[in-house]
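With the first letter of the sequence shown counted as 1, position 221 gets the number 201 in the working numbering; the numbers rise by one all the way through. Report on the following structure.
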Amino acid sequence: RITRAAASRLGYRPEDLQGKGVQVLLPAEEWVRLLGVASRLQSETRVEVELRFRERQGATQPTRVTLAPWLGQDTRPSAYLCFFHGGTGSSLPPIPASPPPTSSRAPLVRHDLLYVADASGRNLLFVSPEYELIFGRRRLRLLDDPREWLNAIVPEDRGRVELARPGMASGSYDVEYRINRPDGTQRWIHDRAFPLPLPGQSAPLVAGVAEDVTERREFEDRLRQEQNSFANLVRHGDVAMLVTDAKGLVH
């Protein structure tokens, strides 16, 4: 959708733009530049940029805008918001502050943790060295006592992981949970497992991949906070705003 305040700035009525691509409002070179700017929204909650919008009469108008993604239920952008600066009406809320880095915060780990276990997932046969980087615990101790993995999971998430584990043998095990590290920090883990057929193997095995997704989860939390602020702004304020779906269509 496009609010009346935004449409009138460009000489349109909101209904003139319904179902049309945002390309009708931008010269070709500005559309290409917008695509590049939008790619930054994979790691930023909002981006401010000046774009030359095409007015209904054909002239172009430099306009300062703020772009922000709107997450769907699958945590992927289902829409994009474009707030027009200047003029009368409500202003954007300030960007929520990110947590400051501290020496106790665990470093960002981009390595996948690989493991092999029996079909129940309770008896580990192999764990890659990345376990020590992500969990902050000794790998040999885990192989001696596989309960170390489950014990590291925060109590609120542990039951959910236990219920999901039977899905390892069928390949449906796909779960995210939090762990407590010995240094006092907490991390989010995305854990997946699938059957591992091996020639001559009498007992079924599963292979798993666990990834530290803490930064992604924290980014999504900040983005949800932004969305609540934007929703309140639109609900209670007179704001010049353009909303498109993921394909750039105005609805």
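C-beta: ideal position from N, C-alpha, C; glycine also. The model shown is predicted, which means the values in this text are computed figures rather than measured ones.
* Would you tell me roughly how many angstroms separate the C-alpha atoms of alanine 149 and valine 107, rounded to the nearest one? => Here residue 149 refers to the residue found at position 169 when the sequence shown is read from its first residue. Here residue 107 refers to the residue found at position 127 when the sequence shown is read from its first residue. If you draw a straight line from the Cα of alanine 149 to the Cα of valine 107, it comes to about 18 Å.
* Identify, in the order they occur along the chain, each residue of the same chain with its Cβ nearer than 6 Å to the Cβ of glutamine 41, setting aside the five sequence neighbours on each side. => Here the question's residue 41 lines up with position 61 in the sequence shown. For glutamine 41, where only same-chain residues beyond five positions count, the Cβ hits under 6 Å are Phe33 and Glu35.
* Asked: Taking buried to mean at least 16 other C-beta atoms within 10 Å of its own C-beta, is valine 230 buried or exposed?
  -> Along the sequence shown, one-based indexing puts residue 230 at 250. Classification for valine 230: buried.
* To do: Please report the residue range of the alpha helix (DSSP H) in which serine 58 lies.
  => Translated into positions along the sequence shown, residue 58 becomes position 78. Element bounds for serine 58: not the alpha helix (DSSP H) but the beta strand (DSSP E), 57 to 64.
* Asked: Would DSSP call glycine 188 helix, strand or coil?
  -> Residue mapping note: residue 188 aligns to position 208 of the sequence shown, counting from 1. DSSP places glycine 188 in strand when its eight states are reduced to three.
* Have a look at Tyr157, Leu120 and Pro126 and flag the residue whose alpha-carbon is nearest the alpha-carbon of aspartate 137. => To locate residue 137, count along the sequence shown from 1; it is residue 157. The residue with the shortest Cα to Cα distance from aspartate 137 is Tyr157.
* Opposite tyrosine 153 in the DSSP bridges: which residues? -> Looking up residue 153 in the sequence shown gives position 173. In the DSSP output, where bridge partners are listed per residue, tyrosine 153 has Ala173.
* **Where glutamine 205 sits in the DSSP three-state scheme** => Here residue 205 refers to the residue found at position 225 of the sequence shown. Glutamine 205: helix per DSSP, three-state reduction.
* **Backbone secondary structure at glutamine 37 - three-state DSSP** => In the sequence shown, counting from the first residue as 1, residue 37 sits at position 57. Correct three-state label for glutamine 37: coil.
* With 16 other Cβ atoms within 10 Å as the buried cut-off, status of alanine 97 -> Start at 1 with the first residue of the sequence shown, and residue 97 comes out as number 117. By the 10 Å Cβ count, alanine 97 comes out buried.
* Asked: Of the choices Tyr95, Asp125, Asp124 and Asn103, whose alpha-carbon is the least far from that of tyrosine 111?
  -> As a first step, residue 111 is located in the sequence shown; it is residue number 131 there, counting from the start. Ranking the options by Cα distance to tyrosine 111, first place goes to Tyr95.
* Might you give, ordered along the chain, the residues of its own chain that have their beta carbon closer than 6 Å to the beta carbon of arginine 119, omitting 5 neighbours on each side? => Translated into positions along the sequence shown, residue 119 becomes position 139. Excluding five sequence positions before and after arginine 119, the CB atoms of its chain that fall closer than 6 Å to its own CB belong to Val107, Tyr111 and Glu112, given in chain order.
* Asked: Taking the alpha-carbon positions, what's the proline 49 to leucine -3 distance?
  -> Position 69 of the sequence shown, counted from the first residue, corresponds to residue 49. Position 17 of the sequence shown, counted from the first residue, corresponds to residue -3. Their backbone Cα atoms lie some 20 Å apart in a straight line.
* Bridge partner(s) assigned by DSSP for tryptophan 11 -> By 1-based counting over the sequence shown, the position of residue 11 is 31. Answer is none; tryptophan 11 lacks a bridge partner.
* Mind reading off the beta-carbon distance from aspartate 192 to glycine 116? Whole number of angstroms is fine, and I expect it under 8 Å. => Mapped onto the sequence shown, residue 192 falls at position 212. Mapped onto the sequence shown, residue 116 falls at position 136. The pair is not a contact, with the Cβ atoms about 11 Å apart (cut-off 8 Å).
* Asked: Whose CA, out of Thr25, Arg20, Tyr60 and Pro135, lies closest to the CA of arginine -19?
  -> Taking the first residue of the sequence shown as 1, we reach residue -19 at position 1. Ranking Thr25, Arg20, Tyr60 and Pro135 by Cα distance to arginine -19 puts Tyr60 first.
* Determine the direct distance from the alpha carbon of alanine 18 to that of histidine 170, and round the result to whole angstroms. => In the sequence shown, residue 170 corresponds to position 190, counting from 1. In the sequence shown, residue 18 corresponds to position 38, counting from 1. Each residue's alpha carbon lies about 26 Å from the other.
* Whole-angstrom distance between valine 186 and leucine 123, CA atom to CA atom -> For the purposes of this step, residue 123 is taken as residue 143 along the sequence shown, with counting starting at 1. For the purposes of this step, residue 186 is taken as residue 206 along the sequence shown, with counting starting at 1. Taking the straight line from one Cα to the other gives about 16 Å.
* Asked: Which residues in the same chain as phenylalanine 199 place their Cβ atom closer than 8 Å to its Cβ, once the five residues preceding and following it in sequence are excluded?
  -> Position 219 of the sequence shown, counted from the first residue, corresponds to residue 199. Around phenylalanine 199: Ser23 and Thr25.
* Straight-line CA distance for leucine 203 to valine 27? -> Within the sequence shown, the letter at position 223 stands for residue 203. Within the sequence shown, the letter at position 47 stands for residue 27. Approximately 12 Å, taken between the alpha carbons.
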